Each structure stands twice: as structure tokens, then as C-alpha cells.
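Visitor: This is the structure I want to talk about, given as C-alpha cells.
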Amino acid sequence: MELNKAKETIEILADGINPSTGEVLPREGPYNDPAVIRALFTILDSIKAIRPPGRTVEQRQNDNVENGKPRNAGLQWTTELRTEAAEKFKQGSSVHELADSFERTPGAITSELVKQGLIDAAEVTGYRQN
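Numbering of the sequence shown is given in the numbering used here, commencing with residue 51 and proceeding in unit increments.
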């Protein structure tokens, strides 16, 4: 059974409804016992706290390409990539050349260069247009 379906079944049961028939459960049944109802809601709270597994880098890259974005848009920078971007910028690569090379947006490149102190934040508009 899928987690969402199990959650839905427990919610219905916790609300005093028979999940199989849709009928209201009898008052004298164990499902109307306050301890059982609290237990069901505790389980529901736990299920809500479970985060679904994150998407892999490859899945996110594929989503980006399908949505017309650069392949690495929104992905974290590694230390190696940060160093490489800084070196290429120091050697004269433009923001747009770096964006093409790293498959990121010009805004992401500019932001990274500002973080590294290679571009003054006040000059950002000029770099995004170049």
C-alpha cells in the first residue's frame, strides 16, 4: 500500500468512519476509544513529518532541461566549481561565457562572483547585461 493511501485510510478511521464502507463506526467499538483515536492522530502527525526522498541531481538536471532552464540551474556549487569559476573570471571570461560553460544562469554566475568578492554588488547590473 502506498503511504498516501495508508494516510488517507488512517485519517478516515480516526474520524470515526469505516474506511471500507464509509459508514460511521459504532460508539461501542474500539475505534471510538480515546486512547485509540489519540494513537491514530499521533501516527498521522508522524506521517506528515516524513519528508519524501529528494530528487537526485540527475533528476533535477533533467527537469531543468525539460523546463528550458540551464542544466545546472538551482543546483549547489561545489568547492571545485567555485574555484574554477573564479579562475576563469580572473582570466577574462565574461559572465555569459561562464553561464554557458557551467550551464547556469547569468544571475547565478554573478551571484557567485559577488559572494567570492570578485564583483562589487553595486556593479551587478552591468555584469548581467554583458
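Glycine included, every Cβ here is placed at the ideal spot set by N, Cα and C.
Predicted, not measured: the structure shown is a model, and the values here were computed from it.
Can you check which of these residues, S143, P103, L75 and S70, is closest to L53 by C-alpha distance?
Guide: Minimum Cα distance to L53 is reached at P103.
Visitor: Per DSSP, which residues does V74 bridge with? Please list them.
Guide: Beta-bridge pairing links V74 to I67.
Visitor: So what does DSSP say about N82, is it helix, strand or coil?
Guide: Note: N82 maps to helix in three-state DSSP.
Visitor: Leaving aside the five residues before and after I67 along the sequence, list all residues of the same chain whose C-beta is less than 8 Å from its C-beta, in chain order.
Guide: Excluding positions up to five away in sequence, the list reads E73, V74 and L75.
Visitor: Quick check: the Cα distance between I60 and D95, rounded to an integer number of angstroms?
Guide: Going from the Cα of I60 to the Cα of D95 covers about 11 Å.
Visitor: Taking a contact to mean a Cβ-Cβ separation below 7 Å, would you say A149 touches I159 in this structure?
Guide: The answer is yes: Cβ separation under 7 Å.
Visitor: Once you ignore the five residues that flank L90 on each side, which residues in its own chain have a CB closer than 7 Å to its CB?
Guide: Cβ neighbours of L90 beyond the five flanking positions: I60, L63 and A64.
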